[in-house]
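Presented below is the structure to which this report refers.
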Amino acid sequence: MSRSQAARRQASPKWSANPGGRRLWRTLSMVVLLLPAGAVLLPTTLVLVVFMMPTLAAWLVDRQPGRALATSVCLLNLAGSLPGVIQVWTAGHDVAAAQWVLSDPLTWLAAYGAAAVGWLLFAVLPPVLRAHHARSTARRIRVLQNKQETLEKDWGPEVAADVKAAAEADGPGAPAQAA
Amino acid sequence: MSEAATRDRAGEGHDRAAAVGTGAPAASDAGKREQPAADKTSSDKAPGDKAPGDKAPGDRARADTAQAGKPGARGVALGKYITIDTGVRLPHLDRPTALAYGASDSRTPTEQVFVLVCDPQVPPRLDALHSLAKLRGVPLMIPVDWGPVAWGEGGQRRYAICYDRPVDPVLAPVGGELPQLREDQLIERILRPLFRTFRELYARGLTHRAVCASNLYLAEGGNGACLLGECASAPAGMTQPAVYEPIDAGQALAVGRGSGALSDDLYALGVLMALILRGQDPFQNSDPAAIAAQKISKGSYAAIMGQARVSLTLMEPLRGLLCDRIDERWSLHQLEIWLNGRRQSPKQPSLPTKARRAFNFQGRDYWTAPALSHALATNWQDALRVLSSGELERWAERSLADEKQSKQLAATLASAQAGDGGDDRALARALVALDPAAPIRLREFAARIDAIPQALALGFDDRDRRTAFVEVLRSKLPQRWLEAQPQQRPDHPQVLQQFERMLWYIERDQPGYGMERVLYEYNSGWPCQSPLLAGSYVSEMEDLLPALERRAEQDVPDSAPIDRHIAAFCGANMKPAPDRMIQGLGDPNPANRAQATVTLLADLQRRYGPTQLPALCEWMARRLAPLTESLHNRHVREKVNRRIERAVKSGSLAELRAAAAGSDLRQRDQQAFAHAKAQYAQLARDIAWLEEGGLTSPASIARATRSVATAASAIAAGLIVVVATIVYVT
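Those sequence lines, one after another, are chains A and B.
Residue 34 in our numbering is what sits at position 34 of the first sequence, and the numbering runs on without skipping anything.
Residue 1685 in our numbering is what sits at position 685 of the second sequence, and the numbering runs on without skipping anything.
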């Protein structure tokens, strides 16, 4: 890109330069598309709105980038809501069918139970993963140290001279591997 | 060796009381014999012309050692046919720098031969030996065979030359009374045979340079043919008594006289005639400087003959041969004319032109420039004071009759006062300007221009001699000497070039160059002076590796097998010179030096043999240790070591060179090592990352949790959808 082109681009403000505005436009366009769909599929929409409340809650709670918690809860919540939606569709797909489905505790249990499993995964996985990574770390360190030993055996201690010199320069207490 | 020392050595062996062997004719019958062994090994033997049992040059040398070097052995082999009987000393045949021993020749068992065993510090004239051996039918001692022989215990080797044993005694031992000969005896028994000898020598481009009464064999009473003694056991002119030398050679050191020219031999013949006619040597107890001073002031004829009367017949050749100016001295042709009976009036002596006023130096008046030059050269410290006082310049300007010489001297002295090179050099230049015919002199150093390298060689261990030699070259004294000559010769530019080349060598300090290179490059056949070869007498390339092998068999030295002397010896004697390999010997990196050494040794073995040198390989393998140790990779190092061991067992230096880690291998090893280091550092970084919680940190766990949970949710949701679909569809 030439310098003049860059200057022109910098001088002319555009909407794409504002990420907040872009997100607003995207949300509005989705609402415009979904609103008619929601109106046409009103029974389904009613069931989903009620059953997908845990996802909404997760969405509001999860502030991490990528919103992994919300995604997990959403996926399972959606899967759990599927029986209720199918019942609405099989019962004629009208508001009465929706009311009937919403009055069925089993469908509630399926939707909210699945969402709970999503929440549960986030509660249970960290200690499990910590234990797993601890073991994996020790094993990988052993493998790497073996490779270093092989190199030292083949090339002599000079091959580690730089690493050891750097470790000594860092301080007597520093580990030898700290390159 | 000084003149006095030479005289002493000459006196040792000339005991006339000892009986002289009989049976051998005066003239050599060497024509019946084969070419000497030393000749064959160097040049004449064709590659495929090997007799049964004949060996490679190196094997031959080793075989000689094995045969003759045993302690207590009386017979020492010289070549294939000569056996030296070390128990039979022949002191009457000794030469000043060589001892005579009885010997026998298996080809001619009835004829008596003797061998001169040369002083290890004074090499013989190897270049002259080959030509001398080809002479036939002249009354001259002809070498029968020659070469290095095992001598004494400890594997020492000396150079030995075999001659036919002369029948008659010497004319007069050194310091002895000269016999009275009639005029006709002098002409027919001495002058005419020596004329024939000189003619043959001159035809082969040789000079004898040892014509003196103590080296001439003649029957008692002057009846019978004379035999001129040998001339090859010492460098040309070195053993000659100073009285037999022309003025310029007499002014030089004994080692600085050089081969000279035929005119030197003719002068010596003139001196010999004069001394015989006079019946004694008037300079018997004089030192060479005094003899030269006398000859300069009076002329050689007057100085030697004194008041002695001589017939008009003999006065003519005497004056002609003893003429001090070379261009006026009798030539061989003039002598021949005289011998053929054509008589002319005797030549009048041409003394140097007298100055208008004498120069007083050390209480004596000097009327001629050569006389003053000689006096200044023999009193160097006083001469320096005279030079600095400016008296010499004034005297040269006002008193010297030769205007050109006066101007030259003034210019030389002016440059000296300008501080060009120091007082010694200035005085040396002034001496050249004063007497251009004299040798080049600087402090104790004095040598004719063609003998300067020889003077260096014969005093190489003398620090002062080496310093003087370097100063002579750096102050361009040879150039000034050549410029000062009244007559320029066609070979002067070539001589000049030689001295410039010598200076070029000296200015380079790396192995293979320097003073050592000059020593071997300009003294053909000079034995290698390396301490590693001490006593081995290595004068030919073929003998070098066997000598090193013998050295290694004794004990492997800590030093490299190629030192400065050996490198220079190789550079001077290998044709073409291995300059690239020699330059590698000066590499600052020990590994590269070792590589260059083994390459040069392998090249030597390829060119000169022998095929197996296990001890030398072992020696070299130790020197290759830094080269092998410089390899980083253990496997490569072990592989190279195994190959080196195999090469040592085979005794092949070429294999050893191939086994040694070459620059390519070392470069690849270095690159691989750099890669290994980078790999090691990366591993260290990975370990550090893991140890610092790269996988177990809360952030990492959270990240992993998010990923795993999302994936698990997706899978579970998918399964549910599938199951639900199946259930409701069916």
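For every residue, glycine included, the Cβ atom is placed at its ideal position computed from N, Cα and C.
The model shown is predicted, which means the values in this text are computed figures rather than measured ones.
Requested in this report: Thinking T1086 (chain B) and R1074 (chain B) are a contact (beta carbons under 8 Å), I'd like their distance in whole angstroms, please.
Outcome: 5 Å
Query raised in the report: Nearest-angstrom Cα distance between D94 (chain A) and W108 (chain A)?
Result: 19 Å
**Report entry** Euclidean distance between Cα positions of R1668 (chain B) and R1706 (chain B)
**Finding:** 48 Å
Query raised in the report: What are the residues that DSSP puts in a beta bridge with L1442 (chain B)?
Result: B:F1445
Requested in this report: Measure the C-alpha to C-alpha separation of G1137 (chain B) and A1484 (chain B) and round it to an integer number of angstroms.
Outcome: 42 Å
Report task. Name, going along the chain, the residues of the stretch 120-131 of chain A whose beta-carbon falls closer than 7 Å to a beta-carbon of chain B. Result -> L121, F122, L125, P126, L129, R130
Query raised in the report: Given that T1705 (chain B) touches chain A, what residues does it touch there, using C-beta distances under 7 Å?
Result: F122, L125, P126, L129
Query raised in the report: Are V1255 (chain B) and G1459 (chain B) touching if we call contact CB-CB under 9 Å?
Result: yes
Query raised in the report: Whose CA, out of B:D1145, B:R1165, B:A1438, lies closest to the CA of Y1159 (chain B)?
Result: B:D1145
Query raised in the report: Would you call the CB atoms of V117 (chain A) and V47 (chain A) closer than 9 Å?
Result: no
Requested in this report: Taking C-beta pairs closer than 7 Å, name the residues in chain A that Q1583 (chain B) reaches, listed in chain order.
Outcome: Ordered by position in chain A, no residue passes the 7 Å Cβ test against Q1583 (chain B), which lies about 30 Å from the chain.
Query raised in the report: Using the beta-carbon count (16 or more within 10 Å), is K1295 (chain B) buried or exposed?
Result: buried
Report task. Identify, in the order they occur along the chain, each residue of the same chain with its Cβ nearer than 6 Å to the Cβ of S1028 (chain B), setting aside the five sequence neighbours on each side. Result -> Since pLDDT at S1028 (chain B) reaches only 37, below the 50 mark, its modelled position is unreliable, and the value read off the structure follows with that caveat. Hits under 6 Å: I1142, D1164.
Query - Within-9 Å CB hit, E1691 (chain B) to chain A - result: yes
**Report entry** Cβ-heavy atom distance, R1425 (chain B) to the ligand HEM, below 8 Å
**Finding:** The ligand HEM is not part of this structure, which contains no ligands at all.
Query raised in the report: Which class does F1198 (chain B) belong to by DSSP, given the choice of helix, strand or coil?
Result: helix
Query - Straight-line Cα distance separating T1197 (chain B) from G1514 (chain B) - result: 40 Å
Requested in this report: Leaving aside the five residues before and after K1050 (chain B) along the sequence, list all residues of the same chain whose C-beta is less than 7 Å from its C-beta, in chain order.
Outcome: Confidence at K1050 (chain B) is low in this model, with a pLDDT of 36, below 50, so the placement of that residue is unreliable and no value is reported for it.
Requested in this report: Indicate whether N1573 (chain B) and G1584 (chain B) have their beta-carbon atoms separated by less than 9 Å.
Outcome: no
Requested in this report: Please list the partners that K1677 (chain B) has in chain A, where partner means a Cβ-to-Cβ separation under 9 Å.
Outcome: L151, W155, E158, V159, A160, A161, D162, V163
Query - 7 Å Cβ shell around N1523 (chain B) - same chain, five flanking residues per side excluded - result: P1453, Q1454, A1457
Query raised in the report: Counting contacts by CB-CB distance shorter than 9 Å, is R1634 (chain B) in contact with chain A?
Result: yes
Requested in this report: Could you have a look at V1117 (chain B) and say whether DSSP puts it in helix, strand or coil?
Outcome: strand
Query raised in the report: When Cβ atoms are compared, which residues of the stretch 68-80 of chain A fall closer than 9 Å to chain B?
Result: A68, L69, T71, S72, V73, C74, L75, L76, N77, L78, A79, G80
Query - Distance between D1555 (chain B) and A1219 (chain B) (C-alpha atoms, nearest Å) - result: 53 Å
Query raised in the report: Between the stretch 88-120 of chain A and chain B, which residues of the former have CB atoms less than 8 Å from a CB of the latter, in chain order?
Result: T90, A114, V117, G118
**Report entry** Reduced DSSP category for L1216 (chain B) - H, G, I as helix; E, B as strand; rest coil
**Finding:** strand
Query raised in the report: If we count the other Cβ atoms within 10 Å of its Cβ and call it buried at 16 or more, is M1305 (chain B) buried or exposed?
Result: buried
Requested in this report: Would you list, in sequence order, the uninterrupted beta strand (DSSP E) runs of no fewer than 3 residues that lie entirely inside the stretch 1356-1381 of chain B?
Outcome: 1359-1361, 1364-1366
Query - Proximity winner among A:A115, A:L78, A:A96, A:R142, relative to V1722 (chain B) (alpha-carbon distances) - result: A:L78
Query raised in the report: Does the distance from the CB of V1731 (chain B) to the CB of P1614 (chain B) come in under 9 Å?
Result: Residue 1731 (chain B) falls outside the range modelled here, since chain B spans only 1001 to 1730, and no answer is possible.
Query raised in the report: Under a three-way DSSP split, which group does L1099 (chain B) fall into?
Result: strand
Query raised in the report: Do you know offhand how far T1710 (chain B)'s Cα is from L120 (chain A)'s?
Result: 12 Å
Requested in this report: Compare the Cα-Cα distances from L1400 (chain B) to each of B:P1561, B:Q1595, B:P1370 and report the closest residue.
Outcome: B:P1370
Report task. Identify whether C1617 (chain B) lies in helix, strand or coil by the three-state DSSP scheme. Result -> helix
Query raised in the report: According to DSSP, is V163 (chain A) helix, strand or coil?
Result: helix
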